[in-house]
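To start, the structure under review is shown below, and the notes come after it.
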Amino acid sequence: MNNFENWLLKNITLHTHDNKQEEFWNGLTHLFGSILSVVGLILLLLKDYETPHMIGATLVYSISMLLLFSASTTYHWVQNPLLKRIGRILDHSNIYLLIAGTYTPMAFFVGGKMGVGIILVEWILAFLGIIFTLKFWGKLKPLHIMFYLLMGWMIVFIWSDFTQMVPVNFAKLVILGGFFYTIGVVIYSLKKVPFYHAVWHVFVAGGAMSMFVAIYKYIV
């Protein structure tokens with residue numbers, strides 16, 4: 001066993017309360033998300049773009065969404081303890097990447113100093129969040145959740161200016177997506193609902209769908 005495997009077994013914990021039936025549904029819910037992410041990627045590639053920069057931005061967004069759903073599905077269904085630990089690292093890390101990835105086409109649409117600021121803040125926070133997660137795995141759980149929510153709701157700090165630059169319905173869908181994600185986080189954190197993890201996944205899918213419609217219909 002090499003040093004990396006030792007590190008995984010020593011530092012990366014696994015859920016002990018999800019039985020096989022729950023893990024099946026946990027993986028299945030995000031398998032549908034993976035399939036829809038592929039469809040979404042194809043639909044976005046078929047759009048007409050005014051600039052190559054927006055093509056790149058939407059690719060970053062689409063790939064981050066596909067990575068999140070596919071890594072989550074793999075993590076919940078794989079049985080090998082080492083692979084499952086790697087999958088769990090990717091599962092947690094991809095949340096940060098999806099948040100930053102979702103903001104990327106929005107930032108390019110807004111443009112200017114605000115757009116640059118959004119990209120810099122979100123991606124710096126994403127990488128800091130991944131480092132924070134690995135450094136304090138299994139510890140300071142409320143701070144991990146706050147980190148996700150802070151990144152996701154960063155838009156409220158520039159909301160008045162942001163809403164002057166984007167269509168009204170786009171802004172509404174962004175807020176709807178934010179509420180889907182946030183309600184899902186609450187359900188996951190409380191762990192009171194039967195199959196709460198799968199329910200959390202459904203809310204994640206709802207949030208991702210809202211964001212996709214907003215981006216596909218109104219800004220690309």
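Residue numbers (the numbering used here): 1 to 220.
Glycine included, C-beta positions come from ideal geometry on N, C-alpha and C.
In this text, all values refer to a predicted model and were calculated from it rather than measured experimentally.
DSSP three-state call for residue i: helix, strand or coil?
i    : result
V168 : helix
G117 : helix
F136 : coil
H201 : helix
H76  : helix
Y49  : coil
N6   : helix
P222 : The structure shown does not extend to residue 222, since the chain is modelled only from 1 to 220, so the question has no answer here.
G40  : helix
H144 : helix
N26  : helix
T58  : helix
H92  : helix
N11  : helix
Tell me, to the nearest whole angstrom, how far the beta carbon of residue i is from that of residue j; I am working on the premise that it is less than 8 angstroms.
i    : j    : result
S62  : L41  : 4 angstroms
L44  : V220 : 7 angstroms
H197 : E50  : That belief does not hold up - the Cβ atoms of H197 and E50 are roughly 41 angstroms apart, past 8 angstroms.
P105 : I215 : 5 angstroms
F170 : I187 : With a Cβ gap of about 26 angstroms, F170 and I187 do not count as contacting.
A208 : M65  : 6 angstroms
Y218 : P167 : 5 angstroms
V255 : L149 : For the chain, the structure presents residues 1 to 220; residue 255 sits outside this window and is missing.
I268 : A107 : Since the displayed the chain opens at 1 and closes at 220, residue 268 lies outside it and no answer follows.
M114 : D48  : At roughly 25 angstroms, the Cβ-Cβ gap does not stay under 8 angstroms, so M114 and D48 are not in contact.
G129 : Y96  : 4 angstroms
Would you call residue i buried or exposed, if buried means 16 or more other Cβ atoms sit within 10 Å of its Cβ?
i    : result
T13  : exposed
H53  : exposed
E5   : exposed
K84  : buried
M151 : buried
W200 : buried
D222 : The requested residue 222 does not occur in the structure, where the chain is confined to residues 1 to 220.
F180 : buried
V60  : buried
L46  : exposed
F136 : exposed
L67  : buried
G101 : buried
F212 : buried
F127 : exposed
Thinking just about the alpha-carbon of each residue, which of the options is nearest to the one in residue i?
i    : options                   : result
L9   : S37, R88 and L44          : R88
G178 : S210, F195, H197 and L120 : S210
I155 : F132, V110 and K135       : V110
T73  : A107, G101, N26 and F162  : N26
I131 : V193, S93, W7 and I119    : S93
L191 : N3, F162, G115 and H15    : The question names Leu, yet the displayed sequence has Lys at residue 191. The option with the nearest alpha carbon to K191 is H15.
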